[in-house]
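S.K.: Be aware that the sequence shown starts at 288, since it is given in our numbering, and climbs by one per residue.
Take a look at this one; I'll ask things after.
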Amino acid sequence: MIASDKSSVQILLKRCLAAGMKTIVCSPGSRNAPIVISADSHPDIETLVIHDERVAAFYALGISLATREPVGLTCTSGSAMLNYYPAIAEAYYQCVPLIIMTADRPEEWINHGDGQTIVQKGVYNNHVHGELVIPESAKEKGVYAEKIEELLRNAITGWRGPVHFNLPFAEPLYDTAEVTASEVFPFNVGIEPFRAESLRAFKKEWKAAKKIMVLVGQMDRDVGTEKLINDLSLDPSICVLVENTSNLSGSRLNHCIDRSLNVIPEDQWDEFKPDLLLTFGGAVISKRIKTFLRNTKGLKHFRVGFEFPEMDTYRHLTQHIFASPFDILKILQKEEMRKYHSNFGSKWKQLDFLVKDHQDLYLDSIEFSDLKVFHWINQFLPNGTYLHMANSSVVRYCQLFDPVQDAKYYGNRGTSGIDGSTSTALGFAFKMRENLNVLVTGDISFLYDSNALWTKYLLGNVKIILVNNNGGGIFKIIDGPSSTPQLEEYFEAKHEQTAEHICRAFNINYRSVSDDTGLQGELSTFFKDFGVGRPDLLEVFTDSSRNDKVLKNYFQEAKTWI
Ligand SMILES: Cc1ncc(C[n+]2csc(CCOP(=O)(O)OP(=O)(O)O)c2C)c(N)n1
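As structure tokens, this is what we get:
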């Protein structure tokens, strides 16, 4: 097998393979030639080529979310590597293992007038689980091989996340050598079992609590955890709040947190406040629940997982338990019955039933608007869809609807950026070829990341619904911007752009619609025949002067349903 003659590349790639990396997304340049040549020649590495480094990194993130494996990235020196940063931050907060391999000049040439040269060392330090500069002469049996392994273990074990390898290369860059592909021994990623005594305080509180709330943030689908959490929800004193991004569902779970919180009369809030909160998973979207819990006096909060042990979202953190949610739920299942019983959980669930009962009928009758569009999307979306939600009003509207059966929900909620939603969805879809992948996005997010369509990997299993309300509709529905004279120009940033010509440029099937009947007609066929030909994009035009009012009316009207 041919590889670059730089031994640093050879030892790095070998260990990346041992860590489970199978794909490297490469962005063209000269300085990273040693990595590209070696990766391309390796029979066990799949290489993809994407020019725009910001797209490439989000694309890699999407691949890793789909495969749950670490994914490699390589680019040339200079500003190229800075364009990785938005996706690195997202991967850091979503705990996704990206292996970033940036090429660099030898240290003695940094800041001495060479082209395409910046200080690369330490650039990502706030958002990676470690960085290593590997000298080009690093040897197989040496300290660097060990350091590489240590960093890769950081990426894939326990609290997972991105790691950075910076590789300075002197010229010549294109020389190769014949090497033998040696056997790769996968890393042992076993994590230490937690100590039972660390649960003593938690178990005591759990048994004594009268009103328990379990709140789950963003998570991969996990059938075992779903079963356990559904068993737990049978206890009438426990309410389980999930968001569609937690990919958990069940008949006794509250799937729509904002929808439920909205209808609790203010004078009854205390009855719905828990005395014990158990949380796991990543980001929680609902701002209302954060405020609600931060304002809950005397709350004890136990947080389960391997990530961000210092994170105290609700300002009541009692203990962070280093264990998997599955393990803890399993233990709770085996515990003796809790002493106290109440109808706390049932009350929460009842709220949900009441609102749900009225919602569909009400939404059938409202004017054509963003809310109506999401109503129809939720009605027509096929079971089992992989749904990718862009930030930010898309993700919020989607929280008002119960999840579609067996659908999986994704969104860049690590940093809630609008800069990589399309790229991430397309990277994911590339690895989930047999499945329908639907991206729902706003106009600004779509235009921002339209370079995502500039790859040769676009497949027909992708359907894009673009809700075009001529600007950042989110700023009209959150408190603050909507009361300022700067709203239209600086926040909403109104524009007249459409996706039509972008679709033509990238050979995407385009159609558009701007009324209720038309949308229903389009959606009734839109999801059919996925997987053949090119992706489809449906642009739905809504009236921005109406959207905020319709949403406000919905929240007002819903209060009368209980
Ligand atoms: C990289 C980045 N820049 C700016 C923002 C702030 N921001 C959040 S939502 C938004 C507008 C989104 O508009 P659009 O995609 O049309 O969706 P809509 O809110 O209309 O549904 C902006 C600018 C962000 N989240 N990320």
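Just so you know, even glycine gets a beta-carbon here, dropped at the ideal spot from N, CA and C.
If Pro315 and His338 are in contact, beta carbons under 8 Å, what's the gap, nearest whole angstrom?
M.R.: Indeed, because the Cβ distance is near 6 Å, the residues count as touching under 8 Å.
S.K.: Does the beta-carbon distance from Ala739 to Ser710 come in below 8 Å?
M.R.: In this structure, Ser710 lies closer than 8 Å to Ala739 by Cβ.
S.K.: For Asn834, does the count of other Cβ atoms within 10 angstroms reach 16, so buried, or fall short, so exposed?
M.R.: Burial call: buried.
S.K.: Say yes only if the C-beta of Val919 is nearer than 7 Å to one or more non-hydrogen atoms of ligand 1, and no if none qualify.
M.R.: Here the chain has residues from 288 to 849 only, and residue 919 is not among them.
S.K.: Grab me the residues of Arg625's own chain with a C-beta within less than 6 Å of its C-beta, minus the 5 sequence neighbours each way, in chain order.
M.R.: Here the set comprises Lys494.
S.K.: Restricting to runs no shorter than 4 residues, where is the alpha helix (DSSP H) found entirely within the segment 639 to 725?
M.R.: Entirely contained in the segment 639 to 725, the alpha helix (DSSP H) runs reaching 4 residues are, in chain order, 657 to 667, 680 to 685, 708 to 718.
S.K.: Look up Thr605 in the DSSP assignment and say whether it is helix, strand or coil.
M.R.: In the structure shown, Thr605 sits in a strand (DSSP, three-state: E or B).
S.K.: Should the segment 831 to 849 be called in touch with the segment 653 to 662, which here means at least 3 C-beta pairs below 8 Å?
M.R.: Touching, yes.
S.K.: Just to confirm the assignment, what range does the alpha helix (DSSP H) spanning Phe842 have?
M.R.: Residues 831 to 845.
S.K.: Quick check on the burial criterion: 16 or more other C-beta atoms within 10 angstroms. Buried or exposed for Met288?
M.R.: By the neighbour-count rule (16 or more Cβ atoms within 10 Å), Met288 is not buried but exposed.
S.K.: At a threshold of 7 Å, does Val725 count as lining ligand 1 (C-beta to nearest heavy atom)?
M.R.: Val725: no, Cβ never under 7 Å from ligand 1.
S.K.: Who are the Cβ neighbours of Arg581 in its own chain at under 6 Å, not counting the five residues just before and after it?
M.R.: Counting only Cβ-Cβ distances below 6 Å, and skipping sequence neighbours, we find Tyr601, Arg602.
S.K.: So what's His451 in DSSP terms, helix, strand or just coil?
M.R.: Three-state DSSP puts His451 in a strand.
S.K.: Ser317 to Tyr649, Cα distance in whole Å?
M.R.: Taking the straight line joining both Cα atoms gives about 59 Å.
S.K.: Hey, out of Gly808, Asp599, Glu594, whose CA is closest to Val827's CA?
M.R.: Measuring from the Cα of Val827, the nearest candidate turns out to be Gly808.
S.K.: Per the contact definition of three or more C-beta pairs closer than 8 Å, is the segment 367 to 380 in contact with the segment 338 to 355?
M.R.: They touch, by the three-pair rule.
S.K.: Is Ala677 near ligand 2, going by C-beta to nearest heavy atom under 7 Å?
M.R.: With respect to ligand 2, the structure offers nothing, as its ligand set consists of ligand 1.
S.K.: Expressed to the nearest angstrom, what Euclidean distance is found between the alpha-carbon atoms of Ile705 and Glu623?
M.R.: Going by the C-alpha atoms only, they are around 47 Å apart.
S.K.: Does the beta carbon of Gly504 fall short of 7 Å from some heavy atom of ligand 1?
M.R.: Flag unset: Cβ of Gly504 not near ligand 1.
S.K.: With a threshold of 7 Å on Cβ separation, who are the neighbours of Phe593 within its own chain once the five nearest residues in sequence on each side are excluded?
M.R.: Excluding sequence neighbours, Phe593 sits near Gly445, Trp446, Phe609.
S.K.: Nearest CA to the CA of Phe842: which residue from Ile751, Ile731, Ile544, Phe559?
M.R.: Phe842 has its Cα closest to that of Ile544, out of Ile751, Ile731, Ile544, Phe559.
S.K.: Considering only residues of the segment 407 to 473, which uninterrupted beta strand (DSSP E) runs meet the minimum length of 3 residues and lie entirely inside it, listed in chain order?
M.R.: If we require 3 residues or more, the beta strand (DSSP E) runs fully inside the segment 407 to 473 come out as 418 to 420, 450 to 455, 463 to 465.
S.K.: What residues in its chain sit with their C-beta under 6 Å from that of Asn517, if we drop five residues either side in the sequence?
M.R.: Once the five neighbours on either side are set aside, the close Cβ partners of Asn517 are Gly537.
S.K.: Quick check: Cys790 and Leu824, are their CB atoms within less than 8 Å of each other?
M.R.: A contact, by the Cβ cut-off of 8 Å.
S.K.: Among residues of its own chain, excluding the 5 on either side of Gly448, which ones have a beta-carbon nearer than 6 Å to its beta-carbon?
M.R.: These residues qualify, in order along the chain: Tyr379, Cys382, His416.
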